[in-house]
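Counted the way our numbering counts, the sequence shown spans residues 204 to 502.
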Amino acid sequence: MSLVYVNGVVTKPEDAMISVYDRGFLFGDAIYEVTRSYGKILFSLEAHIDRLYRSADAIQLNIGIPKDAFIKQVYDFYKKENNDDIYVRIQISRGNVKKEQISLFPENFDQANVVMYLHPLKPFNQALYTEGQRLVHAGNFRNPKKSLDPNIKSGNYLNNIIALLNIDKEKYSDSFLLNDEGFVTEGTTFNIFYVKDGVVVTSPDESDILLGITRNILLEESGKQGITIVKKNFTLEDLYSADEVFTTSSTKEVMPVSYVDDQKIASGMPGEITKKLSAIYKENIKKYLDWATINHPWK
Ligand code: PDD
């Protein structure tokens, strides 16, 4: 079953309604989060809501209720869904423009529109996990932090959409962006890592990336298992000559990469450290679910 929530009203997707004067629709003046449930627990919901509120602060968008109350609202909605393993998207726009005046001025709005989507999680092509993704670098650059900080998870994904427009879908499954200094930033909806001589590398926190929650979990957990992750800028050549490349996101978790552009990565098969980090991530999911099952106030 799929369900949609619009400002407190829960309907089937085909009955969900939002104004054509919504600033998210008109200008991309919105923020969002995506997580998923495992069984009946929304994974790392607190971290996603923290990031949502950080994104809101960064664009001076007033969500209107405290974080805890918002988490409860998400769970109250989610409890209407009977199925396990659900894709969850939370989208908040600044609201509708006032008096049907289509003006960009941000004081020209009513109150935030809160929309949530629950969809069955479509399983990703398993071959991407066993054989790896084929990624291509995009022709356009990532928005520089100074222009529109990629660490704001905004409802405007044109930068990332353009990165997907001209890729050869026969050859590549997704794309990633460089910045104008030639450093790799991130994928269209994922963070990127590579491994060289046993050391794992990811872009620095202050680079032009979204600080992914999956990335954060690996950064916190890997050291405990003897894997070092170093944060530093890297180039396409670093990826081409890497021993392993992989990506992270809440929906796809840890996913290996077998090709970058036309370059095969090492043997082209998922590497041992990628597999180990994938297992570490899965252990962390289990730990969270065990914790949430007992302690989560909203479950
Ligand atoms: N995307 N970078 C970008 C640009 C993203 O959109 C995402 C997440 C990530 C990874 O973040 P996290 O580990 O917190 O999921 C990195 C989600 C999945 C999406 O938009 O569907």
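Just so it is clear, CB atoms sit at the ideal spot from N, CA and C, and this is done for glycine as well. Note that the structure is predicted; figures quoted are calculated from it, not measured.
For residue j and residue i, believed in contact at Cβ under 8 Å, the rounded distance
i: D225; j: S296; result: 5 Å
i: I483; j: E424; result: 5 Å
i: G267; j: Q314; result: 6 Å
i: N436; j: F386; result: 4 Å
i: Y290; j: R254; result: Incorrect: roughly 17 Å between the Cβ atoms, too far for contact.
i: V213; j: M220; result: Contact flag wrong, Cβ pair sits at about 12 Å.
i: K275; j: W501; result: 5 Å
i: I430; j: L480; result: 7 Å
Bounding residues of the alpha helix (DSSP H) (the contiguous stretch that carries residue i)
i: E447; result: From DSSP, E447 is part of no alpha helix (DSSP H) but of the beta strand (DSSP E) over E447 to S452.
i: I416; result: I416 to S425
i: D441; result: L439 to Y443
i: Y375; result: First-last for Y375: undefined, no H or E at that position.
i: L413; result: Counting along the chain, L413 falls outside any alpha helix (DSSP H), and DSSP gives it neither H nor E.
i: F246; result: Note, F246: premise wrong, no alpha helix (DSSP H); not H, not E.
i: G211; result: Taken as a continuous stretch (DSSP letters only), G211 belongs to no alpha helix (DSSP H), as it is neither H nor E.
i: G227; result: R226 to F230
For residue j and residue i, the rounded distance between their alpha carbons
i: I244; j: N419; result: 20 Å
i: M204; j: H322; result: 7 Å
i: N498; j: F344; result: 43 Å
i: D279; j: M472; result: 43 Å
i: Y491; j: K485; result: 10 Å
i: F264; j: I355; result: A quick correction: the sequence has Leu, not Phe, at residue 264. Whole-angstrom Cα-Cα distance: 12 Å.
i: S357; j: G401; result: 35 Å
i: E384; j: A341; result: 14 Å
i: I412; j: E303; result: 35 Å
i: V300; j: F312; result: 4 Å
i: L331; j: Y375; result: 11 Å
i: S258; j: G298; result: 16 Å
i: D271; j: N316; result: 18 Å
i: L503; j: V223; result: Lying outside 204 to 502, the shown extent of the chain, residue 503 is not represented and no answer is given.
DSSP three-state assignment for residue i, whether helix, strand or coil
i: Y491; result: helix
i: L351; result: coil
i: Q329; result: coil
i: I221; result: coil
i: D287; result: coil
i: F386; result: strand
i: P506; result: Residue coverage of the chain in this structure runs from 204 to 502, which leaves residue 506 outside it and unanswerable.
i: D400; result: coil
i: S481; result: helix
i: S296; result: strand
i: T392; result: coil
i: L264; result: coil
i: N498; result: helix
i: E475; result: helix
i: K275; result: helix
i: P269; result: coil
i: Q466; result: strand
i: S258; result: helix
Continuous beta strand (DSSP E) stretch holding residue i: start and end
i: E310; result: No beta strand (DSSP E) contains E310, which DSSP labels as neither H nor E.
i: A341; result: Q336 to F344
i: E236; result: A233 to Y241
i: Y360; result: Counting along the chain, Y360 falls outside any beta strand (DSSP E), and DSSP gives it neither H nor E.
i: K434; result: I432 to K434
i: M204; result: Run containing M204: none; DSSP gives neither H nor E here.
Residue i CB to nearest heavy atom of the ligand ADP below 7 Å
i: L480; result: Ligands present in the displayed structure are limited to the ligand PDD, and the ligand ADP is not among them.
The region 459–473 in contact with the region 333–345 per 3-pair CB rule at 8 Å: yes
Cβ contact check for the region 229–237 and the region 280–289: 3 or more pairs under 8 Å: no
Assess, as a yes-or-no matter, whether the region 476–495 is touched by the region 436–456 under the definition of 3 or more beta carbon pairs within less than 8 Å. yes
Would you call the region 380–392 in contact with the region 363–371, where contact means no fewer than 3 C-beta pairs closer than 8 Å? yes
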